[in-house]
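Heads up: the structure comes next, in structure tokens.
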Amino acid sequence: MIRTGHVVFLCALGLLTLGVVMVGSAGMEVKPVSPAAGAASGARVAGPGSVGEAVAQVVLSKPGLYMALAVLAMCSMAMLPLDRWFAGMRAVGVGGARSGRGGIGLAALGVGTLVLVGIVATAYVPGLSHTVNNSRRWIAVPGLSGLTIQPSEFAKWGLIVVLAVYGAWRAVAMRKFWKGLVPGLLAVAAVGGVIAHQDLGTGVLVVCAGSAVLLAAGARWWQFALFIPAMAAGVVALIVANPYRLTRIETFFDPYVQPRGAGYHMIQSMVAVSGGEGTGRGLGFGLQKYGYLPEDTTDFLFAIICEELGIVGAVGVIGVFIVLLWSGLTIVRRQQAPVLKLFGLGVLTTIGLQALINLAVVTGLGPTKGIALPLVSSGGTGWILTAASIGLLIAMDPEVEEAAAEEAGEHGGGPLVEVEAAPAGAPVLAGT
Amino acid sequence: MMRATRTDIAARAIVGVVSAGLLIMAARVGQLQLSPSPRLVQHIQPRTSAVSLPPDRGPILDRRGRELATSRFGWQVFIDPTELPRDKKTGQIKDLDAIIGSLAEAMGVPADEFGEKLLLVIAENGRRAANAPVMPEDGPPSVREFVGGLLGFKREPETSTVLVSMDDEDDAAEQGGPIVEPYKNPIRYVRVSGVLEKEKVDKVRALNISGVHLEQRLVREYPGGAPVAAIIGRLGGQLDPQSGAERSHNELLTGERGRVSFVRDSTGRPIWMNPDSYEPATPGKSLRLSIDLELQRLATEELVRGVYENNAAGGRLVLMDSMTGEIVAMADVVRHVPEAVPFPWANADGSMDVPVSHGDRYITIFEDTMRAIDPALGRNRCVQDVYEPGSTFKPFVWAVVTQLGVIGLEEHLPTGNGQWRTPYGRTINDVKKFPSLAWQDVLLHSSNIGMTQGAMRISRDQLRNAVLSFGFGSKTDIGLPAETPGIVTSRKDWTQWTQTSVSFGQEIAVTPVQMARAFCIFARTGPLAGTLPTARLIAPEYPDRPELFRRVVDPRAAEEVRRILSAVAAQMEARMAENDKSESHWKYAIFGKSGTAQIPLGKAPKGKRRPPGNKGYFEKQFNSSFIAAGPTENPRLVCLVVIDDPGPELRPRLRHFGSHTAGPVVRRVLERSLTYLGVPPSPESSRVEAPAGPVAE
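Protein sequence lines correspond, in order, to chains W and X.
Note that our numbering numbers the first sequence so that position 4 is 4, with each residue one more than the last.
Note that our numbering numbers the second sequence so that position 460 is 892, with each residue one more than the last.
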């Protein structure tokens, strides 16, 4: 019997597999042979000799390794006995705050926020800081050359955990403006603000996901609404402060003004998507990845998927995300422990919003932002942490036979989509 | 369960909204893929580069398939100075002198010939590198080089080339490679040799110096050499046809360009080729001319001999197959005459700076600067320049008058002992003086007075139409550029005077090719006698103008002319034998006619006019010609030789006439050509005794 958690697992696995394959495809390049070879010198494509070699090349690549780590993290998290740990919470329920444990929530929020802000700030520590494309989002791990970590990724998921704990333990106070909402929002603003300074897109995402958790935890709509202008003002301030962000916004409204300048990235992304022409050019046969589309293995990988795999590939990816979200929703709804429910909701919101923003950017419906497609776009930290979060979501899936039986019919379509989205999944699985 | 419900509602709302958003994204992908906006379509460029492949140019052959013009691949050496081996520490080029030395030895070229150029370029590159902030030490090989290596040729960025070689048209725009800013990027192409022989190419290849490259080029060669240069013409540096058959048959010879395209990355490097992206070039078709290289060679040889023996300024020769109208040889020789001076034209007011002197020899063939550059570029005076045929024109007029039946062959005309006044008061003189002559002897003795009286018996239209029907006054269209139609006086201006002048070949200008073709009328026998072929310079497999026969005169009149001209040729042969006993016996009987005409002055230069009293001619300078066909019993070849301006020292001895100057050349050319063709020697019956008396003109 397939459980909902299994569906989520398979979706995540399919997306990761596709990610490894597509990162491999998008990363292809032409290497020139030494010109000393004589009169008939030229460039040759240094490629694998056979299909087996090609598969081995992909499996043994850096993305292959990251995927193995991600799956390992997902499985480890999925096996945690969350139900048993939080069994007491179910019984305590509403009374949590009254029984004096609200202080725990506030303390957790305070300490957690400080820790997260500290983590994000490591990206500015000289000696650790690793600059890519003029942005300081990474830290280089000392002793391991070439290995970089994106601290904001940790903060992104960490904030969800902190807010879930806060929301669950201060459930009653959440309805109150000063005691519930404001501390939570302050935490969100602090972490989100620091992240937004490095990476506006991720900052906005974190603020949205954090707000969703606070609202789900019981914050009042109208109270929350009071802060929306302030948040918007913050975003506008950040945009105006950095001229390149302003340019990106302008470019979004008309990318064709500077097709070789500011509009280049967006236009090339749309050209790549358009290049699929329905059926796709075929795996490996994309053209935009040969230096035309920047960030083709990371934030704009979906454009390459559309180009090479066509509408089928694009709809497959989107379908898997939708199945993953609805399966996750089922798990969240069945879960009784408030902290787990809130955490699950945070995870789903983060993954869903991140995917949505990424697709909007890639297809030219949103301004160009550095946001990865979860589980697909190349990125070790992102894959491992997202997979770990999904592992926790799977771990929440209660082992209630009737509930599983009830849900089985609802998501019958899951495996079908899986087959479409990850045709090359088998060898990768075998490798891990 | 109040709180649980709230979380569930929020979760459901969020998942629902996000899912809806994702579905919109799916729709957006569909829209972008299936119907992208027109503005986006403008930015969708094919990620391919194309290189056009030059076709092999078709060869030009002679009538027996000998190659007169061919194309071949050759290799030439160029150096990319940025790729030369460098010292790792200093960054300077290592052992440059040794490289230049070994390269010079391998190519068999003195080292300074290219060494200096190379050093200059290296210095210039150093200067550019100092100015440019970033200079890629080892940039990616450009598309041009890659494709060059792949296909065996390379594009040449510099335009200077001395070679006649197949260069690609510049479609750098199609390349899509990185934009090269002037004076910033290093020079990466220094040609250091012309097309080399194979052994030298192998030696250069064996050196294996990085940065020294070989590039393949198509080279046009002319194995036919100088004798056919003016007929074949040549190509320019960019393979543009400049003259001759190369130009007039360019379309046939050119072929179609091929094309190879490949997918490239953003820096222009090729990634792969699609299976259908290679269209090979279609080679041009071969062109077979009617020229016979061997006949051309011997005709040129004899013509040159004739020009030098007669101290002439030039000579022209056309050898034509009388049955087909095909030109088997066509030669044009110009000789520099050191003592010749420019003609003293009068000023606009009629005054003369220098008087016309009867002692001076004037320049009659005007300077041809293009011929000085390359004989293949010079004027082909056999089709581009006219001359007055003089007495060689008489057979045509005689045949017309005869066939119209206005005079019987034996009818005697009063020729007034060499001087006679026309009814309109023009005095006509004869070289040979007779009181009266039978009509057939008028042609034999080349009497101007007799011809004048004959022409008076027919109307002006009759004569003029006949002249036109012989093909004078219209182009022969043999397929050479810049052909002139010649000059025939218009109907309006055709006066009695004209009628008289034309009857002995004056006041008409013809090209040698027109003349040779017209003479085929008499060279054709039996029912074909009196018919005119279409002149051709290409072999019969090109059926562009199939007209082989056009009746112009009655066969009997034509046969009569042939009979009379046999005696004229015999007179010429007798004269030759007098000069040189070894030239007294000939295998082939021929018939022919000589002509000697004063050279017209032509148009006066701007601001100048004819000197007063001059009738428009160089008074003491002549075009002496002889036209003949042989063997008489069944003629195969017509040969016309024009000796332009034979030396003035010949005139006092009356040796400047066509029968003395051009006649022997024609005689020898026909003898040798017919022998070469394997024509059986003439029987005794076709030989004619020379009539007594001096040779007529």
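We put the CB at the ideal spot given by N, CA and C, even for glycine.
Can you list, in chain order, the residues of its chain whose CB lies under 7 Å from that of residue i, leaving out five sequence neighbours each side?
{"i": "GLN674 of chain X", "result": "GLY665, ARG666, LEU667, GLY668, LEU809"}
{"i": "GLY27 of chain W", "result": "THR297"}
{"i": "PRO1080 of chain X", "result": "ARG793, LYS1052"}
Which value, in whole angstroms, describes the spacing of the CA atoms of residue i and residue j?
{"i": "VAL347 of chain W", "j": "ILE394 of chain W", "result": "11 Å"}
{"i": "GLN835 of chain X", "j": "LEU869 of chain X", "result": "19 Å"}
{"i": "VAL92 of chain W", "j": "ILE311 of chain W", "result": "Note that VAL92 of chain W scores a pLDDT of 47, beneath 50, so its modelled location is shaky and nothing firm can be said."}
{"i": "LEU373 of chain W", "j": "LEU181 of chain W", "result": "30 Å"}
{"i": "ASP254 of chain W", "j": "ASN358 of chain W", "result": "19 Å"}
{"i": "ALA155 of chain W", "j": "ALA190 of chain W", "result": "11 Å"}
{"i": "PHE798 of chain X", "j": "PRO1078 of chain X", "result": "16 Å"}
{"i": "MET174 of chain W", "j": "ILE476 of chain X", "result": "53 Å"}
{"i": "ARG749 of chain X", "j": "PRO917 of chain X", "result": "In the sequence on display, residue 749 of chain X carries Leu and not Arg. The straight-line gap from Cα to Cα measures roughly 18 Å."}
{"i": "ALA70 of chain W", "j": "ALA638 of chain X", "result": "55 Å"}
{"i": "TRP1018 of chain X", "j": "SER998 of chain X", "result": "13 Å"}
{"i": "TYR166 of chain W", "j": "TYR66 of chain W", "result": "32 Å"}
{"i": "ILE619 of chain X", "j": "VAL695 of chain X", "result": "26 Å"}
{"i": "ILE953 of chain X", "j": "ALA1060 of chain X", "result": "12 Å"}
Write down the C-beta distance between residue i and residue j rounded to the nearest angstrom, noting that I regard them as a contact closer than 8 Å.
{"i": "PRO517 of chain X", "j": "SER625 of chain X", "result": "Rounded, the Cβ-Cβ distance is 20 Å, inconsistent with contact."}
{"i": "GLN931 of chain X", "j": "LEU895 of chain X", "result": "6 Å"}
{"i": "ARG968 of chain X", "j": "ILE910 of chain X", "result": "6 Å"}
{"i": "GLY391 of chain W", "j": "SER76 of chain W", "result": "7 Å"}
{"i": "VAL818 of chain X", "j": "ILE723 of chain X", "result": "The Cβ separation is near 22 Å, so there is no contact."}
{"i": "TYR621 of chain X", "j": "ASP697 of chain X", "result": "That pair is no contact at about 23 Å."}
{"i": "THR756 of chain X", "j": "PRO1063 of chain X", "result": "Actually they are not in contact, since the Cβ atoms of THR756 of chain X and PRO1063 of chain X sit about 17 Å apart, beyond 8 Å."}
{"i": "ALA458 of chain X", "j": "ALA272 of chain W", "result": "With 8 Å as the limit, ALA458 of chain X and ALA272 of chain W do not qualify as a contact, their Cβ atoms being about 16 Å apart."}
{"i": "GLY690 of chain X", "j": "GLU711 of chain X", "result": "5 Å"}
DSSP beta-bridge partners for residue i?
{"i": "TYR654 of chain X", "result": "Note: TYR654 of chain X sits in no beta bridge, so no partner."}
{"i": "GLN1030 of chain X", "result": "X:PHE1054"}
{"i": "ALA501 of chain X", "result": "X:ILE492"}
{"i": "GLN674 of chain X", "result": "GLN674 of chain X is not bridged to any residue."}
{"i": "LYS1040 of chain X", "result": "X:ASN779"}
{"i": "SER693 of chain X", "result": "X:ALA482"}
{"i": "SER868 of chain X", "result": "X:PRO846"}
{"i": "ASP1076 of chain X", "result": "X:GLY746, X:ASN1055"}
{"i": "ILE511 of chain X", "result": "X:VAL622, X:VAL644"}
{"i": "CYS1071 of chain X", "result": "X:LEU751, X:ALA1060"}
Can you list, in chain order, the residues of its chain with a C-beta nearer than 8 Å to that of residue i? Leave out the 5 residues immediately preceding and following it.
{"i": "ARG86 of chain W", "result": "Here residue 86 of chain W is Phe; the residue named in the question, Arg, does not match the sequence. Excluding sequence neighbours, PHE86 of chain W sits near ALA337, VAL339, LEU340."}
Would you identify the three-state DSSP class for residue i, choosing helix, strand or coil?
{"i": "ILE890 of chain X", "result": "coil"}
{"i": "ILE228 of chain W", "result": "helix"}
{"i": "LEU11 of chain W", "result": "As written in the sequence, residue 11 of chain W is Cys, which differs from the Leu given in the question. Helix."}
{"i": "ASN849 of chain X", "result": "helix"}
{"i": "ASP602 of chain X", "result": "Residue confidence for ASP602 of chain X is low, a pLDDT of 35 falling below 50, so the modelled location carries little weight; the figure read from the coordinates is stated next. In this structure, ASP602 of chain X counts as coil in the three-state DSSP scheme."}
{"i": "SER574 of chain X", "result": "Unreliable positioning characterises SER574 of chain X in this predicted model, as indicated by a pLDDT of 46, which lies under 50. The coordinate reading is nonetheless provided below. It is coil, neither helix nor strand."}
{"i": "MET752 of chain X", "result": "strand"}
{"i": "HIS130 of chain W", "result": "strand"}
{"i": "SER484 of chain X", "result": "strand"}
{"i": "SER99 of chain W", "result": "Confidence at SER99 of chain W is low in this model, with a pLDDT of 46, below 50, so the placement of that residue should be treated as unreliable; the coordinate-derived value is given next. Note: SER99 of chain W maps to helix in three-state DSSP."}
{"i": "ILE940 of chain X", "result": "strand"}
{"i": "GLY518 of chain W", "result": "Outside the displayed range of chain W (1 to 432) lies residue 518 of chain W, so it cannot be described from this structure."}
{"i": "ASP764 of chain X", "result": "strand"}
{"i": "LEU628 of chain X", "result": "strand"}
{"i": "ALA1021 of chain X", "result": "coil"}
Answer with yes or no whether the minimum CB distance from residue i to chain B is below 8 Å.
{"i": "GLY453 of chain X", "result": "You won't find chain B in this structure, because its protein chains are W and X."}
Ordered along the chain, which non-local residues of its own chain (more than five positions away) have a Cβ less than 6 Å from that of residue i?
{"i": "SER467 of chain X", "result": "none"}
{"i": "LEU900 of chain X", "result": "none"}
{"i": "ILE456 of chain X", "result": "none"}
{"i": "PRO1094 of chain X", "result": "Residue identity check: residue 1094 of chain X is Ala in the sequence provided, not Pro. Here the set comprises SER1056, SER1057, PHE1058, VAL1073, ILE1075."}
{"i": "THR1028 of chain X", "result": "GLY822, PHE1054, SER1056, PHE1089, GLY1090, GLU1129"}
{"i": "GLY433 of chain W", "result": "Examination of residue 433 of chain W is not possible in this model, given that chain W is present from 1 through 432 alone."}
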